[in-house]
Amino acid sequence: MSYLACKGLSVGYAGNLVVSGIDFAVNAGDALFVVGENGAGKTTLLKTVLGLLPPLAGDMSLCGGAPACEVGYLPQKGESQEDFPASAWEIVLSGRASRLGFRPFYGREDRAVAQAALQRVGALELKGEPFGSLSGGQQQRVLLARALASEASLLVLDEPTTGLDPAAAESLYATIDDLRNNGTGILCVTHDLGAALPHATHVLEVRDGSARYMAADAWKRGERA
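Positions in the sequence shown are counted from 1; adding 26 to them yields the working numbering.
Dropping the structure here:
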């Protein structure tokens with residue numbers, strides 16, 4: 027199943043074109059890593075996929091237009107949020123909000139999924155800690171757990187290994203492998219393709235206002251301009 031399909035997509039902001047002619051798909055079990063120089067348009071592309079920016083041209087389809095399609099998102103790491111009042115547990119549990127429907131409170135299943143997500147990213151011991159008191163790397167792990175708790179069909183990650191030590195980064199890639207093997211689609215911007223490539227099925231290179239999409243094996247063989 028195709029979770030995301032883009033054809034002839036052009037993206038930008040405030041009417042200014044950044045990248046044009048983007049063609050790619052993320053199917054069930056795919057891990058597409060997006061690479062490019064700073065300012066090339068990688069984050070602009072992600073924001074367009076998430077509906078935060080309108081496409082300037084072309085076609086984009088999420089889950090073939092199915093209304094029940096869930097997208098999980100881990101934004102690029104920002105400054106440490108020292109004054110943020112919620113606990114790590116409350117942050118992760120909020121990933122279940124889209125599944126509440128008409129229920130006013132989180133249920134047993136929601137709490138079990140959130141607990142498992144924290145455990146999956148190795149952050150269970152942070153459950154009761156104020157989010158704002160955590161280090162940048164710890165905050166990143168909690169936000170990843172929130173994205174996992176959504177049980178989304180498509181997971182969108184913007185440089186998720188930023189602020190993580192090598193062991194934590196490898197653990198994150200192992201989580202990506204596990205999700206992909208269970209049918210989740212992954213769309214991930216990375217600044218370190220060398221570390222990410224063993225976990226990729228496809229690569230999208232954004233450069234000079236255009237994008238080049240290929241299988242990861244083709245990238246490894248050097249079949250790129």
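Ideal Cβ positions, reconstructed from N, Cα and C, are used throughout, including at glycine.
- Whole-angstrom distance between residue 160 and residue 212, CA atom to CA atom: Numbered from its first residue, the sequence shown carries residue 212 at position 186. Numbered from its first residue, the sequence shown carries residue 160 at position 134. Answer to the nearest angstrom: the Cα atoms are 26 Å apart.
- Candidates 35, 222 and 203, of which the one nearest residue 79 by Cα: Your numbering for residue 79 matches position 53 in the sequence shown. Comparing Cα positions, the closest option is 35.
- Item | Beta-carbon proximity list for residue 102, same chain, < 6 Å, skipping 5 on both sides | Position 76 of the sequence shown, counted from the start, is the residue given in the question as residue 102. Excluding sequence neighbours, residue 102 sits near 184 and 185.
- Query: Can the beta-carbon of residue 199 be found less than 8 Å from the beta-carbon of residue 49?
  - Reply: Position 173 of the sequence shown holds residue 199. Position 23 of the sequence shown holds residue 49. Cβ distance not < 8 Å, so residue 199 and residue 49 don't count as in contact.
- residue 225: CB within 7 Å of a non-hydrogen atom of the ligand FAD: The ligand FAD is absent from the structure shown, which contains no ligand whatsoever.
- 8 Å CB neighbourhood of residue 137 in its chain, flanking five on each side removed: Within the sequence shown, numbered from 1, the residue matching residue 137 stands at position 111. Closer than 8 Å at Cβ, skipping near neighbours: 119.
- Query: Under the three-state reduction of DSSP, which class applies to residue 62: helix, strand or coil?
  - Reply: Sequence index remark: in the sequence shown, residue 62 carries index 36 (1-based). The answer is coil: DSSP assigns residue 62 none of H, G, I, E or B.
- Query: With contact counted as at least three CB pairs below 8 Å, one residue from each stretch, are the segment 201-220 and the segment 171-190 in contact?
  - Reply: yes
- Message: So residue 151 and residue 113 are supposed to be a Cβ contact under 8 Å. How far apart are they, rounded?
- Response: As a first step, residue 151 must be located in the sequence shown, where it is residue number 125. As a first step, residue 113 must be located in the sequence shown, where it is residue number 87. With a Cβ gap of about 13 Å, residue 151 and residue 113 do not count as contacting.
- Which residues in the same chain have their Cβ closer than 8 Å to the Cβ of residue 227, if we skip the five residues on either side of it in sequence? What you label residue 227 is simply residue 201 of the sequence shown in a count that begins at 1. Hits under 8 Å: 55, 56, 57, 58, 206, 241 and 242.
- Apply the 10 Å Cβ neighbour rule to residue 105 and answer buried if 16 or more other Cβ atoms are within range, or exposed otherwise. Counting from one through the sequence shown, the residue named residue 105 turns up at place 79. Any reading at residue 105 must be qualified, since the residue scores a pLDDT of 47, below 50, and its modelled position is unreliable; no value is offered.
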